[in-house]
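Student: Sequence order for the protein chains is A and B.
Heads up: the first sequence begins at 1 in the numbering used here, then just goes up one per residue.
Heads up: the second sequence begins at 1001 in the numbering used here, then just goes up one per residue.
C-beta atoms are modelled at their ideal positions from N, C-alpha and C, and glycine is treated no differently.
All values reported here derive from a predicted model rather than from experimental measurement.
The structure that follows is given in the form of structure tokens.
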Amino acid sequence: MEFEPVIGLEIHVELSTESKMFCGCRAEFGGEPNTRCCPVCMAHPGALPVANKKAIEYLARISLALNCNIPGRSIFHRKNYFYPDLPKGYQISQYDQPFAVNGQLGIIFDDEHISVGIERVHMEEDTAKNIHAGKSGRIAGALYSLIDFNRSGTPLVEIVTRPEIHSPQAARIFLNKLKNLLKYLDVSDCNMEEGSLRCDANVSVRPAGSGTLGVKTELKNMNSFKHLEKGLAKEIERQVAVLEFGGQVVQQTVHFDFASGEVTPMRSKEFAHDYRYFPEPDLVPLAASSSFVQKITADMPELPDERAKRYMADFNLPAYNAEVLTSSRELSDYFEATLAYFNDSRIVSNWLMGELLGYLNASGTELAGCLVTPAGLGGLLKMISSGEVSNAVGKEIFMEMCKTGGAAENIVAARGLTQISDAAELAAIAERVIAANPAQAEQFRAGKDKVLGFFVGQIMKETGGRANPQVTSRVLRDKLAG
Amino acid sequence: MLISHDEVRYVAKLARLKLESGELDRYAGQLSGIINHINKISELELKHVELTSHVIELANVFREDQARQSVSRELALANGPEVEAGAFRVPQILEAEEQ
């Protein structure tokens, strides 16, 4: 039987505000344990929360970018459970009146446009951090744990999709698109390694074409794109195997171990699902007036789709280039920064999509860690366009810049890579090459024009790629004709 | 009684309370009394009254996003019964796997 996976994602985003959600402690990753906390985020008796205005503005920005509806009123709830990283015994979250509902985000998968519904976007606070003492660093084998409250109370936005994703690859593409969008919105650094972007997935399978949902399991902490895709694939495989052998999927939370590729049930004691939500009496409701929503809309940064349209209109770039260049904010910003040094958008676009992305992919480097700055690339492109170095040598120089971070001028000077455009110098080389290959010269004279390429290649070899191709061709034609 | 022994046991478990058998009866009675008291409200005509989550007419109380000095770590940890490496040390969260 053919099975169809049904996937819904729950994404948690730590906002990059200066202070925490309900108190003025600095909200920042890391730091010496327990140096960024106070009575509010450590839940001392009588301490009262006050909501961070900027966090609510960021929340509104995210909601609008996800095409959500923002009801005029939403409230905070207390989600009650006991866990050492939750000092109050409850998390301030939102429940039946979330900040935003009914949005959508489109992705392109298999050349098809898929709209993924957003069920809700709400505000909550992050927990403290447990450090489990024990061999594995995992909770199961720990003898005791250490608690660091620096993260406690960091503004956290939860985004819940509808179960409208049908493959692990599409889930990865969705998460990637969402991450890029959040970076454009400038609301989070989305650093998955540091946990500022985290993803849980609900997954079930059903006979293809069936209208009802199967029993789902929850995959926790899929904290990289690879993790998410592989974890989902494994869990889907496991569920299909259970069903094919006549078994039943049990609703539970499962853990995916990336190293072993195993999916194992999490121990039930880790999660008690009776949260006894009730309205948070210490925080008044949020009333998003239409003027507030209008102001957030007006201040919205340029989003990737708009940017792509601008690139097509202003720079006359093909749709494909515009889409690739805007696929991440870093790349798009890099593109625009390079234009300030070398103002030919076509050439810059081609270099970024060909050389730069090629290098990043091949070396597994992130753009942020790339040693070539927009100014450095601009400098190289200027030298190519002025004819100081050939395009082919330029590509070599670029690779060296990637490795050493040196400036193009210095590399050219140090390695003597300046392009040879002097006709007399090239004529001398051409004469030598023609004399050494009389058979080919004869073929050319007999009308086989293609042989010219062979001679150009020989001259490039002689000069280490430094010969100016236009001048070389002209000189060769002269010499071969004579 | 409105609240059964099972419900008292369940609530106690959620609240991490250990009850003696005699206490089941006592708390079932007390909790039922509270529910009875609250149920009085249902005797009123409430069809036109909206659900209330907050009694004061106030919304959008915010603070500006400005970081201020946190308390010192020494003070932060002062009430911790056990402290290690600048952090609160808490007992094993999950009991050892049953054999």
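(1) Can you name the residues of chain A whose CB is closer than 9 angstroms to the CB of residue 1003 of chain B?
(2) Give me, in chain order, the residues of the same chain whose beta-carbon lies closer than 7 angstroms to that of residue 319 of chain A; leave out the 5 immediate sequence neighbours on both sides.
(3) Tell me where the beta strand (DSSP E) around residue 334 of chain A begins and ends.
(4) Ignoring anything shorter than 4 residues or poking outside the segment 1002–1076 of chain B, list the alpha helix (DSSP H) runs there in chain order.
(5) Quick check: the segment 29–36 of chain A against the segment 146–162 of chain A, are at least 3 beta-carbon pairs closer than 8 angstroms?
(6) In its own chain, which residues sit with a C-beta less than 6 angstroms from the C-beta of residue 122 of chain A, not counting the 5 before and 5 after it?
(7) Checking contacts by CB at 7 angstroms: is residue 90 of chain A closer than that to chain E?
(8) Identify which residue in B/1001, B/1070, B/1048 and B/1024 has its Cα closest to the Cα of residue 503 of chain A.
(9) List, in chain order, every chain B residue whose beta-carbon is nearer than 9 angstroms to that of residue 56 of chain A.
(10) Secondary structure at residue 220 of chain A, three-state DSSP: helix, strand or coil?
(11) Ignoring anything shorter than 4 residues, give me the alpha helix (DSSP H) runs that lie fully in the segment 375–433 of chain A, in order along the chain.
(12) Output needed for residue 227 of chain A: all residues of its chain with C-beta closer than 6 angstroms, excluding positions within five of it in sequence on either side, in chain order.
(13) Within its chain, find whatever has a CB closer than 6 angstroms to the CB of residue 117 of chain A; leave out the 5 residues flanking it on each side and keep chain order.
(14) Looking only at its own chain, which residues have a Cβ that is under 6 angstroms from the Cβ of residue 58 of chain A, when we skip the five neighbours before and after it?
(15) Here's the rule: buried if 16 or more other CB atoms are within 10 angstroms of the residue's CB, otherwise exposed. What is residue 1048 of chain B?
(16) Determine the direct distance from the alpha carbon of residue 160 of chain A to that of residue 219 of chain A, and round the result to whole angstroms.
(17) Whose C-beta lies closer than 8 angstroms to the C-beta of residue 154 of chain A among residues of the same chain, with five residues either side of it excluded?
(18) Whole angstroms is fine: what's the gap from residue 1007 of chain B's alpha carbon to residue 80 of chain A's?
(19) Is residue 72 of chain A buried or exposed, if buried means 16 or more other CB atoms sit within 10 Å of its CB?
(20) Could you name the residues of the same chain whose beta carbon sits closer than 8 angstroms to that of residue 206 of chain A, not counting the 5 residues immediately before and after it, in chain order?
(21) Rounded to the nearest angstrom, what separates residue 102 of chain A and residue 115 of chain A at their Cα positions?
(22) If we ignore side chains and look at the alpha-carbon of each, how far apart do residue 270 of chain A and residue 233 of chain A end up?
(23) Mind checking which residues open and close the beta strand (DSSP E) that includes residue 28 of chain A?
(24) In whole angstroms, give me the CA-to-CA distance for residue 410 of chain A and residue 417 of chain A.
(25) Measure how close the beta-carbons of residue 429 of chain A and residue 463 of chain A come, nearest whole angstrom, since I'm counting them as under 8 angstroms.
(26) Please determine if the segment 105–112 of chain A and the segment 46–56 of chain A are in contact, where contact requires at least 3 C-beta pairs separated by less than 8 angstroms.
(27) Enumerate in chain order the residues of its own chain whose CB-to-CB distance from residue 307 of chain A is below 7 angstroms, with the five nearest sequence positions on each side excluded.
(28) Between residue 259 of chain A and chain B, is any beta-carbon pair separated by less than 7 angstroms?
(29) Does the CB of residue 147 of chain A have a neighbour CB from chain B at under 7 angstroms?
(30) Using DSSP's beta-bridge definition, name the partner residues of residue 227 of chain A.
(31) Could you tell me whether the segment 61–69 of chain A touches the segment 244–255 of chain A, using the rule of 3 or more Cβ pairs below 8 angstroms?
(32) Please go through the same chain and pick out, in chain order, the residues whose beta-carbon is closer than 8 angstroms to the beta-carbon of residue 230 of chain A, but skip the five residues on each side of it.
(33) Among residues of its own chain, excluding the 5 on either side of residue 479 of chain A, which ones have a beta-carbon nearer than 8 angstroms to its beta-carbon?
(34) Residue 369 of chain A: which of A/391, A/389, A/392 and A/401 sits nearest, CA to CA?
(35) Going along the chain, which unbroken runs of the alpha helix (DSSP H) with 4 or more residues stay wholly within the segment 49–94 of chain A?
(36) Are any of the Cβ atoms in chain A nearer than 7 angstroms to that of residue 1091 of chain B?
Tutor: Inspection of the coordinates gives the following:
(1) Looking up residue 1003 of chain B in the second sequence gives position 3. Chain A residues near residue 1003 of chain B: none, gap ~15 angstroms exceeds 9 angstroms.
(2) Along the first sequence, one-based indexing puts residue 319 of chain A at 319. Excluding sequence neighbours, residue 319 of chain A sits near 312.
(3) Along the first sequence, one-based indexing puts residue 334 of chain A at 334. Counting along the chain, residue 334 of chain A falls outside any beta strand (DSSP E), though it belongs to the alpha helix (DSSP H) covering 329–339.
(4) 1005–1014 and 1021–1039
(5) yes
(6) The residue you call residue 122 of chain A lines up with position 122 of the first sequence. Excluding sequence neighbours, residue 122 of chain A sits near 94, 98, 99 and 158.
(7) Judged by its chain identifiers, the structure shown contains no chain E, and its protein chains are A and B.
(8) Outside the modelled stretch of chain A, which goes from 1 to 482, sits residue 503 of chain A, for which no answer is possible.
(9) Along the first sequence, one-based indexing puts residue 56 of chain A at 56. Correct list: 1060 and 1062.
(10) Here residue 220 of chain A refers to the residue found at position 220 when the first sequence is read from its first residue. It is coil, neither helix nor strand.
(11) 391–404 and 408–415
(12) Position 227 of the first sequence, counted from the first residue, corresponds to residue 227 of chain A. So the qualifying residues of the chain are 258.
(13) Translated into positions along the first sequence, residue 117 of chain A becomes position 117. Only 104, 162 and 164 meet the Cβ criterion.
(14) One-based indexing of the first sequence puts residue 58 of chain A at position 58. So the qualifying residues of the chain are 15 and 187.
(15) Locating residue 1048 of chain B in the second sequence gives position 48, counting from the first residue. Result: exposed.
(16) Locating residue 219 of chain A in the first sequence gives position 219, counting from the first residue. Locating residue 160 of chain A in the first sequence gives position 160, counting from the first residue. Those two C-alpha atoms are separated by around 14 angstroms.
(17) For the purposes of this step, residue 154 of chain A is taken as residue 154 along the first sequence, with counting starting at 1. 14, 15, 20, 21, 27, 125 and 126, listed in sequence order.
(18) One-based indexing of the second sequence puts residue 1007 of chain B at position 7. One-based indexing of the first sequence puts residue 80 of chain A at position 80. Distance between the alpha carbons of residue 1007 of chain B and residue 80 of chain A: 17 angstroms.
(19) Your numbering for residue 72 of chain A matches position 72 in the first sequence. Exposed: under 16 other Cβ atoms inside 10 Å.
(20) As a working note, residue 206 of chain A is residue 206 in the first sequence. Excluding positions up to five away in sequence, the list reads 3, 4, 6, 212, 213 and 214.
(21) Along the first sequence, one-based indexing puts residue 102 of chain A at 102. Along the first sequence, one-based indexing puts residue 115 of chain A at 115. For residue 102 of chain A and residue 115 of chain A, the distance between alpha carbons rounds to 12 angstroms.
(22) As a working mapping, residue 270 of chain A is identified with position 270 in the first sequence. As a working mapping, residue 233 of chain A is identified with position 233 in the first sequence. Here the model assigns residue 270 of chain A a pLDDT of 47, short of 50, so the residue's position is not dependable, and the following value carries that caveat. Spanning the two alpha carbons is a distance of roughly 24 angstroms.
(23) The sequence position of residue 28 of chain A within the first sequence is 28, counting from 1. Note, residue 28 of chain A: premise wrong, no beta strand (DSSP E); not H, not E.
(24) The count along the first sequence starts at 1 and reaches residue 410 of chain A at position 410. The count along the first sequence starts at 1 and reaches residue 417 of chain A at position 417. Computed Cα separation, rounded: 10 angstroms.
(25) Taking the first sequence and counting its residues from 1, the one referred to as residue 429 of chain A is at position 429. Taking the first sequence and counting its residues from 1, the one referred to as residue 463 of chain A is at position 463. At roughly 7 angstroms, the Cβ-Cβ gap stays under 8 angstroms, so residue 429 of chain A and residue 463 of chain A are in contact.
(26) no
(27) The residue you call residue 307 of chain A lines up with position 307 of the first sequence. Correct list, in chain order: 326 and 332.
(28) Numbered from its first residue, the first sequence carries residue 259 of chain A at position 259. False, the Cβ-Cβ gap to chain B never drops below 7 angstroms.
(29) Here residue 147 of chain A refers to the residue found at position 147 when the first sequence is read from its first residue. It does: the Cβ of residue 147 of chain A has a partner Cβ on chain B nearer than 7 angstroms.
(30) Taking the first residue of the first sequence as position 1, residue 227 of chain A is located at position 227. Residue 227 of chain A pairs with nothing; no bridge assigned.
(31) no
(32) Taking the first residue of the first sequence as position 1, residue 230 of chain A is located at position 230. Hits under 8 angstroms: 168, 256, 258 and 261.
(33) Stepping through the first sequence from its first residue, residue 479 of chain A is reached at position 479. Answer for residue 479 of chain A: 427, 430, 431 and 434, listed in chain order.
(34) In the first sequence, residue 369 of chain A corresponds to position 369, counting from 1. Nearest option by C-alpha distance: A/401.
(35) 53–65
(36) In the second sequence, counting from the first residue as 1, residue 1091 of chain B sits at position 91. Yes, its Cβ sits closer than 7 angstroms to a Cβ of chain A.
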